[in-house]
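Structure first, then comments.
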Amino acid sequence: MTDRWTDRLSEYLDGDLAAPERAELETHLSLCEECAEALEGLRTVAERAQHLETPALTEDLWPGIEARIGAASPARIFRFRPSTFRFTLSLPQAAAAALALTLLSGGAMWWAMRSGPLAPAKGVPIAAQAPGATPPATFTAGAATAPGADVNQFAGFDATHYDAAIADLERMLTEHRSQLDTSTVRVVEQNLVIIDHAIEQARRALAADPASPYLNGHLAQQLKLKLDLLRRATDLPGAHG
Amino acid sequence: MMLIAAAAFTLASMVTHTDTILTVRPGTVLDVSNYGGSVAVTSWNRNAVHIEADHSRRTNVQIETGPNALQVSTNGRYGPAGVVDFQISVPVWMSITVRGPFTDVQVEGTKGGVTVETVRGEVSVIGGSGLISLSTVQGSVSLQKANGRMKVSSINEGVSVEDVVGDIDAQTVNGDVSISRAVADAIEAVSVSGDLIYAGSLKRDGQYHFQTHSGDIQLLVPDRTGAYVGVSTFSGEFGTNCPVQLTQLKRHKQFQFTLGGGGAQLELESFSGDIQLQAGKGTLMNLEDLKDLKDLQDFKGLKEFKNAKEFRNLKEFEKMKALRKFQSDAKHKQDDQEETPETPPPPDEEK
Chain Y
1 MTDRWTDRLS EYLDGDLAAP ERAELETHLS LCEECAEALE GLRTVAERAQ HLETPALTED
61 LWPGIEARIG AASPARIFRF RPSTFRFTLS LPQAAAAALA LTLLSGGAMW WAMRSGPLAP
121 AKGVPIAAQA PGATPPATFT AGAATAPGAD VNQFAGFDAT HYDAAIADLE RMLTEHRSQL
181 DTSTVRVVEQ NLVIIDHAIE QARRALAADP ASPYLNGHLA QQLKLKLDLL RRATDLPGAH
241 G
Chain E
1001 MMLIAAAAFT LASMVTHTDT ILTVRPGTVL DVSNYGGSVA VTSWNRNAVH IEADHSRRTN
1061 VQIETGPNAL QVSTNGRYGP AGVVDFQISV PVWMSITVRG PFTDVQVEGT KGGVTVETVR
1121 GEVSVIGGSG LISLSTVQGS VSLQKANGRM KVSSINEGVS VEDVVGDIDA QTVNGDVSIS
1181 RAVADAIEAV SVSGDLIYAG SLKRDGQYHF QTHSGDIQLL VPDRTGAYVG VSTFSGEFGT
1241 NCPVQLTQLK RHKQFQFTLG GGGAQLELES FSGDIQLQAG KGTLMNLEDL KDLKDLQDFK
1301 GLKEFKNAKE FRNLKEFEKM KALRKFQSDA KHKQDDQEET PETPPPPDEE K
């Protein structure tokens, strides 16, 4: 059986071959037993596949899921009321909004703390990773998106903006640190380490594949999460009420 | 014994109980600020707020009534406020805000909006409608039977949302997000190191985004769900029992497919965790299957795959074909060898 016809059998089955090729293949099939056999096999599989029933579940995820969500109460039916306001944003919009908010709140916080009574603490920096220690990534594309979305919305969006905002908030948090509950500080630091680890992994992956929209978007998301956490941490009330 | 009795008497005398009932007009909101302790809010069928609080004599409970708000707060006589445990009954229509850095918060039965902000505390809300915003740092968040725009977040523990209708924004860093029995137009579920679990329906015009860094994602949706699905992972695995056809396969493990004719926009992203999408019942199909499926697009006679078994049959057929070709090649090789002159027999046989 020649390679040429092996690759054309499915087209033949579909009726996609032009008339001369079809005639040529049919001539070939009458002479080549192997090709005829392969074609018959293809046809049989196609026919059988059309009539297959959905097999029984061999791996049922539900018990595990149910156990984890602790779903003890029966499903309750609610009357659906369509929401008129959608608060979700696309990733680029969210990132831009977060950045704008952060810079705004960061600036306000910086001004307030500079003029306020808080004494700067000379403690260990709250974040394990020095801001800007790693080369910034340039976002050239958005996260993995649903069909139709513009993956180039991140064009020109630079991670250095994040790094600068993060550095500001880290500094503020360091200054604010002595006024926070020690247990809370520990938890915030642990979670910053977790996010830093994720950022580091995303940066490393991105270094190997700078054009990946997913990796760019993923890094942006991790940076945004870090910004969010820092912003929340700097907004936390002090341990002394 | 005398000493113990004296100590018990002293302690008892130090604890005081506040108990008051205030009539409120419809539309009044409740704002509770409690530095440490707990706040438990339940509803009743009266246009009044019943406030009970257990606290030390060193701590005052302040109640201020305004035209549109009832404010409850605590302060210390000689410094920071101490621990106060509140039990509050409110009208079912009342919107509630509770703030406190070291406060556990429970709200049940309200049909108004609920806002909870704590740092070290557990948050549990059953009921609520409109805007519902629950956040903590060290503690879990649980929301049930709510209706509206829901934003739930923790930092170091998990969040769970059950039996709700509305838009959901659930986020944590070091914990799981689980959402079940939800009817949502939009879901945004994010964690860094935690798993994301969703069991519920997807609306045809809904938008659903699940993203984690190192956690797994498990989705259980009804059979015949229609969605445009985007899957992205760097080093995780993907499995599904859905009859899918890849529409795009990009580098790493990033691909898109249409489920059930399309509809909802569903994005599943886990950098290093595994992603599983299960619609009703059926055998799970893994990423290797899907990759092979992509490679086998030449077989247009099988454009539509009804399920994973069907596809695996095709793969088996391909393997069979490859084996047959291998056997055929081997036979040709053997025939060629037989045609070559025979080598002389070994000396022993010659004898």
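Here the protein sequences come in this chain order: Y and E. Quick note on numbering: the working numbering labels position 150 of the first sequence as 150, and the sequence is numbered without any gaps. Quick note on numbering: the working numbering labels position 20 of the second sequence as 1020, and the sequence is numbered without any gaps. We put the beta carbon where it would ideally sit given N, CA and C, even for glycine.
Item: Tell me, which residues are paired with Y/Lys224 by DSSP?; Value: According to DSSP, which records beta bridges pairwise, Y/Lys224 is partnered with nothing at all.
Item: Hey, E/Tyr1228 and E/Gly1273: beta-carbon distance below 9 angstroms or not?; Value: no
Item: Using C-beta distances below 6 angstroms, list every residue in its chain close to E/Ala1053, excluding the 5 sequence neighbours before and after it, in chain order.; Value: Thr1018, Val1061, Val1084, Phe1086
Item: May I ask you to list the residues that DSSP assigns as paired with E/Met1150?; Value: E/Ile1132, E/Ile1168
Item: Can you tell me which of the three DSSP states E/Tyr1208 falls into?; Value: strand
Item: Tell me whether E/Trp1093 sits in a helix, a strand or coil according to DSSP, three-state version.; Value: coil
Item: Name the DSSP beta bridge partners of E/Tyr1198, please?; Value: E/Ile1179, E/Leu1219
Item: Can you list, in chain order, the residues of its chain whose CB lies under 6 angstroms from that of E/Arg1077, leaving out five sequence neighbours each side?; Value: Arg1058
Item: Give me the chain E residues within the contact set of Y/Gln221, using Cβ-Cβ distance strictly less than 9 angstroms, ordered along the chain.; Value: Val1190, Gln1211, His1213, Glu1269
Item: DSSP beta-bridge partners for E/Phe1086?; Value: E/Val1039, E/Ala1053
Item: Please list the partners that E/Arg1077 has in chain Y, where partner means a Cβ-to-Cβ separation under 7 angstroms.; Value: Within 7 angstroms Cβ-Cβ: nothing; E/Arg1077 doesn't reach chain Y, min ~13 angstroms.
Item: Mind listing the chain Y neighbours of E/Val1119? Cutoff is C-beta to C-beta under 8 angstroms, in chain order.; Value: Asp181, Thr184, Leu236, Pro237
Item: With distances taken Cα to Cα, identify the nearest neighbour of E/Val1231 among E/Asn1241, E/Gly1079, E/Lys1253.; Value: E/Lys1253
Item: Within 9 angstroms (strictly less), CB to CB, does Y/Arg203 reach chain E?; Value: no
Item: Determine whether the Cβ of E/Arg1238 lies closer than 9 angstroms to any Cβ atom of chain Y.; Value: According to the sequence provided, residue 1238 of chain E is Phe. The question's Arg does not apply to it. Taking Cβ atoms only, chain Y never reaches closer than 9 angstroms to E/Phe1238, which makes this a no.
Item: Quick one: what's got a C-beta closer than 8 angstroms to E/Leu1070's C-beta in the same chain, skipping five residues either side?; Value: Leu1022, Val1024, Thr1028, Val1029, Leu1030, Asp1031, Val1049, Ile1063, Glu1064
Item: Can you give the Cα-Cα distance for E/Pro1222 and E/Glu1188, rounded to whole angstroms?; Value: 19 angstroms
Item: When you compare only the Cα positions, how much space is there between E/Asp1205 and Y/Leu229?; Value: 31 angstroms
Item: Is the separation between the beta-carbon of E/Ala1146 and that of E/Gly1175 shorter than 9 angstroms?; Value: no
Item: So, are the CB atoms of E/Ala1184 and E/Gly1158 less than 9 angstroms apart?; Value: no
Item: Compare the C-alpha of E/Glu1237 against each of E/Ala1199, E/Glu1117, E/Gln1276 and name the closest.; Value: E/Gln1276
Item: Quick check: what's the CA-CA separation for E/Asn1075 versus Y/Ile166?; Value: 35 angstroms
Item: Compute the beta-carbon to beta-carbon distance between E/Ile1132 and E/Gly1148, rounded to the nearest angstrom, for a pair I have assumed lies under 8 angstroms.; Value: 6 angstroms
Item: For Y/Ala233, I'd like the list of residues in its chain whose CB is within less than 6 angstroms of its CB, leaving aside the five on either flank, ordered along the chain.; Value: Leu173, Val188
Item: Rounded to whole angstroms, what is the Cα-Cα separation between E/Trp1044 and E/Met1094?; Value: 10 angstroms
Item: Ignore the nearest five residues each way along the sequence and tell me which others in E/Gly1261's own chain have a CB closer than 6 angstroms to its CB.; Value: Gly1226
Item: Is Y/Leu52 helix, strand or coil when you go by DSSP?; Value: No answer about Y/Leu52 holds up, because its pLDDT of 44 lies below 50 and its placement is not dependable.
Item: Less than 9 angstroms between the C-beta atoms of E/Ser1153 and E/Ile1179, yes or no?; Value: no
Item: Would you kindly work out how many angstroms separate the C-alpha atoms of Y/Arg231 and E/Gly1121, rounded to a whole number?; Value: 19 angstroms
Item: In whole angstroms, give me the CA-to-CA distance for E/Thr1172 and E/Gly1194.; Value: 8 angstroms
Item: Buried or exposed: which applies to E/Asn1068, given that a residue is buried once 16 or more other Cβ atoms fall within 10 Å of its Cβ?; Value: exposed
Item: If you follow the alpha helix (DSSP H) that Y/Leu25 is in, where does it begin and where does it stop?; Value: 19 to 31
Item: Report the rounded CA-to-CA distance for Y/Gly217 versus E/Phe1255, giving the unit in angstroms.; Value: 15 angstroms
Item: The alpha helix (DSSP H) that contains E/Asn1060, what's its start and end?; Value: Note, E/Asn1060: premise wrong, no alpha helix (DSSP H); beta strand (DSSP E) at 1059 to 1065.
Item: Output the boundary residues of the alpha helix (DSSP H) element that contains E/Ala1184.; Value: Where E/Ala1184 is concerned, there is no enclosing alpha helix (DSSP H), given that its DSSP letter is neither H nor E.
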